[in-house]
Amino acid sequence: MTPRASRPLRLLAVALVLVVAGSIAATPLSPSLVTGLVWRNVGPFRGGRVSAVTGAIGEPGVFYAGYPSAGVWKTVNAGITWEPISDNAITASPSVGAIEVAPSDTSVIYVGMGDMITGGAINEGDGVYKSTDAGRTWSHLG
44 MTPRASRPLR
54 LLAVALVLVV
64 AGSIAATPLS
74 PSLVTGLVWR
84 NVGPFRGGRV
94 SAVTGAIGEP
104 GVFYAGYPSA
114 GVWKTVNAGI
124 TWEPISDNAI
134 TASPSVGAIE
144 VAPSDTSVIY
154 VGMGDMITGG
164 AINEGDGVYK
174 STDAGRTWSH
184 LG
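With the numbering used here applied, the sequence shown covers 44 to 185.
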């Protein structure tokens, strides 16, 4: 088949896909499927963009999130509630660029401060922090 002859077949295939997709999209959704859904906030109330996330191996539901302007937050219930865990300890810069839980010990967390903003601007950080008690206390490593 020549490229010229295959073009109408391609156009027909695209038209067929659009017709089928349009008929699926036009099918109304049964209200019984969504009546139990309610809106809820699943993340921290402040911070905006997330710059780093990690979980704790072997601890389902435990996650940490780092924000460019709101420090480190932790959830122990898979995101239903979050709490800030760095506000009182990491005061020089709330800008988190990296976060990691040690695979050998989930109580050990490393946080790299500083973040690059879209467009090339930089939120300066002041080095790396470490917690050995799952975020209750922090030490500045430099």
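Heads up, the beta-carbon is just placed ideally off N, CA and C, and yes, glycines get one too. Please read all numbers here as calculations on a predicted model, not as lab measurements.
- Message: Just list the residues that DSSP pairs GLU167 with in beta bridges.
- Response: The partner list for GLU167 (beta bridge, DSSP) is empty, contrary to what the question assumes.
- Query: Can you tell me the Cα-Cα spacing of PRO137 and GLU143, whole angstroms?
  - Reply: 16 Å
- Item | Sequence-distant residues of the same chain with beta carbon closer than 6 Å to ALA141, five excluded per side | ALA95 and GLY155
- Message: Please classify PRO111 as buried or exposed, where buried requires at least 16 other C-beta atoms within 10 Å of its C-beta.
- Response: buried
- Item | Assigned exposure category for VAL115 - 16 Cβ within 10 Å defines buried | buried
- Query: Taking the beta strand (DSSP E) that ILE128 falls in, what are its first and last residues?
  - Reply: Premise fails: ILE128 is in no beta strand (DSSP E) and is neither H nor E.
- SER75 (DSSP reduced to helix, strand or coil): helix
- Task: Identify the continuous beta strand (DSSP E) that holds ILE152 and give its terminal residues.
- Result: 152–156
- Would you decide whether THR118 is buried or exposed? Buried here means 16 or more other CB atoms lie within 10 Å of its CB. buried
- Message: Among ASP130, ASP158, THR180 and GLY185, whose alpha-carbon lies nearest the alpha-carbon of ILE152?
- Response: THR180
- Message: Helix, strand or coil for THR180? Go by DSSP, reduced to three states.
- Response: coil
- Could you check which residue in THR124, ALA113 and ASN166 has the C-alpha nearest to that of GLY104? THR124
- Message: Less than 8 Å between CB atoms is the rule here; does THR180 satisfy it with respect to chain C?
- Response: The chain labelled as chain C is not found in the depicted structure, where only one protein chain is given.
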